[in-house]
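Protein chains in written order, with the UniProt record's numbering: chain A, 1 to 321; chain B, 1 to 321.
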């Protein structure tokens, strides 16, 4: 029998990268990761595992500095026009990642997605885009949407909760948020929500238009075995959070191969499943945030309330879009 | 004519202490403030302005180390029993502050409140309590409640917005949140909300019981002239956030001398007053948070969305309760 997880345990499992303002974490950090940089840009864009940095072939496009622990992308012949520069960097990186994929250099690239994720600079300008499955190799910030759909019933609020398919590459069979998806380069959060709601939950656009934006959630996740691929990869994430109240009778149904079904669960049932560790870690975190925002988790009952709320909105140390 | 403030301007005015993970801020910080500590406790409890640390009389109870920039409270003869130790430290500090008040050493003590605020250690244990008006001298975290009451009308949501009395010591005549107050040692947030709702807005307990807890807001404020007292004092704050929907016809009315009246304003009217700088800085921040949570400020329209949301929930670098 495993111990039931507290809400703080659930936060710790998802937001599990050390905080840079804690002195011991600074040491841990500087000893364990390379800083990912782009030549000519002052900002650190992500953190790279030493085993990843060491596996990359020596080439003029990549500079590894073991003294400063910097790992710098230096694409040759970058055009001076900003838009052309973005396209050039993106193309050089794509060729490089494609060859790493073919050489099977990194396990995480087995989950190749053919989707481009944005990487931003300190002025929020797009620097380049990167194949989605490679984002954790470089530890860049990724962006997504998460929506909790719920229905008010005679028994109180119930939440629409999908179970992930056993065939999913990551976190098979675990419980999930009603709708979740990643933001590709150029995609707006609400657009992404509308697309994913139809794909994953068969919810039509006219229903999803009633969804309410509620802010963002940010956390810094270090991947473990359940995520697949190399262990220890960095995944700082920013999720745009939405709520959607569905009238009784409107039922989400799997629209693709992501979920096997949607269950309509009471708050107590959802909280039990969270405590049993049955939710995908970041989905449990999203539900903690939903419960805080709806007065279901309250300061009077939750001893870790202040720490939990602050950590749901971690300030990431990289530039963001 | 002054420039209209953006939402990020409003955040910057309230959360205006540098972030410790930004290298230049580290330099600024270590050059400008003493770390407030308690003998025997490893944690930094707050930041003290050098002009404050220098004004304190040389005494065995206070140790100022100009090399390490530490300013340490060392009450003699502290009992070993934890509860007695708390009472002893609180009493020694109270005597000290009372004499500083009589000597008029610090202007901020002219606003003496006769309320005790808690100071916590790294295990969330109460270390001692401190007269409210002295909290900014030591830069300790203070706790409060803020509630936005609103009414759904034919013209949409309207917010109940008080104007602070011209006689208030701090931020006279500025606009405020419906109900706000500070948490004394031992007081629970919801208790405090019920008490303040009656005192400030004449809202009875049976109405306030419908208020919904929505999380917390944290920010690190450096006091300017409008706050009264010494300029540059540190005020890291944690506010427990509540919403209350009032039915049409239930009207908040000034119950003490805090507010002159309550206006029922549309979202647009509130946003205009915010942009004109008419709200007390932390109340503007609370409204930004309310608008984010209600989908009124959205990523699609607000270029600073990600920074704003993250900064509404700043992780403070001190132990909290």
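For glycine and all other residues, C-beta sits at the position ideal for the given N, C-alpha and C.
Residue pairing by DSSP places residue 179 (chain A) opposite A:147 in a beta bridge. Among the residues of the UniProt domain "Nudix hydrolase" (130-287) of chain A, those with a Cβ less than 8 Å away from any Cβ of chain B are 188, 189, 190, 212, 213, 214, 215, 216, 218, 238 and 240, in the order of the chain.
The beta-carbon of residue 68 (chain A) is placed no less than 7 Å from the nearest beta-carbon of chain B.
Within the same chain, and ignoring the five residues on either side of residue 245 (chain A) in sequence, the residues whose Cβ sits closer than 8 Å to its Cβ are 149, 150, 151, 152 and 210.
Not a single CB atom of chain A sits nearer than 7 Å to the CB of residue 108 (chain B). Interface flag for residue 121 (chain B) against chain A is unset, since no Cβ pair is found closer than 7 Å. A distance below 8 Å between beta-carbons, with the five flanking residues on each side excluded, links residue 315 (chain B) to the following residues of its chain, in chain order: 218. Counting along the chain, the unbroken beta strand (DSSP E) around residue 163 (chain B) starts and ends at 156-164. The beta-carbon separation of residue 180 (chain B) and residue 145 (chain B), rounded to 7 Å, stays under the 8 Å limit for a contact.
Annotation: the continuous alpha helix (DSSP H) that includes residue 283 (chain A) extends over 281-293.
Following the DSSP letters along the chain, one finds residue 64 (chain A) inside the beta strand (DSSP E) bounded by residues 62-65. For the C-beta of residue 310 (chain B), the chain A residues within less than 7 Å are, from N- to C-terminus, 218, 313 and 315. In this structure, residue 319 (chain A) keeps its C-beta atom at 7 Å or more from the C-beta atom of residue 117 (chain A). In the structure shown, residue 98 (chain B) adopts helical secondary structure according to DSSP, grouped into three states.
For residue 305 (chain B), the enclosing alpha helix (DSSP H) starts and ends at 305-311.
For residue 295 (chain B), the chain A residues whose C-beta falls within less than 8 Å of its own C-beta are 212, 213 and 214, listed in chain order. Shown here, residue 139 (chain A) sits in coil according to DSSP, grouped into three states, outside any helix or strand. The three-state secondary structure of residue 12 (chain B), taken from DSSP, is helix. Per DSSP, the beta-bridge partners of residue 235 (chain A) are A:221.
Setting aside the 5 residues that flank it on each side, residue 267 (chain A) is surrounded in the same chain by 156, 157, 158, 159, 291 and 296, each with a C-beta closer than 8 Å to its C-beta; the list follows chain order. Taking the Cα of residue 40 (chain A) as reference, the smallest distance to any Cα among A:91, A:85 and A:49 is reached at A:85.
For the 7 Å CB-CB criterion, residue 16 (chain B) and residue 222 (chain B) form a contact. In this structure, residue 216 (chain A) and residue 8 (chain B) do not form a Cβ contact; the two beta carbons are roughly 15 Å apart against a cut-off of 8 Å.
As DSSP reads the structure, residue 261 (chain A) sits in a beta bridge with A:163. Around the beta carbon of residue 3 (chain A), a 10 Å sphere encloses fewer than 16 other beta carbons of the protein chains shown; the residue is thus reported as exposed.
By the CB criterion at 7 Å, residue 199 (chain B) and residue 111 (chain B) fall outside the cutoff.
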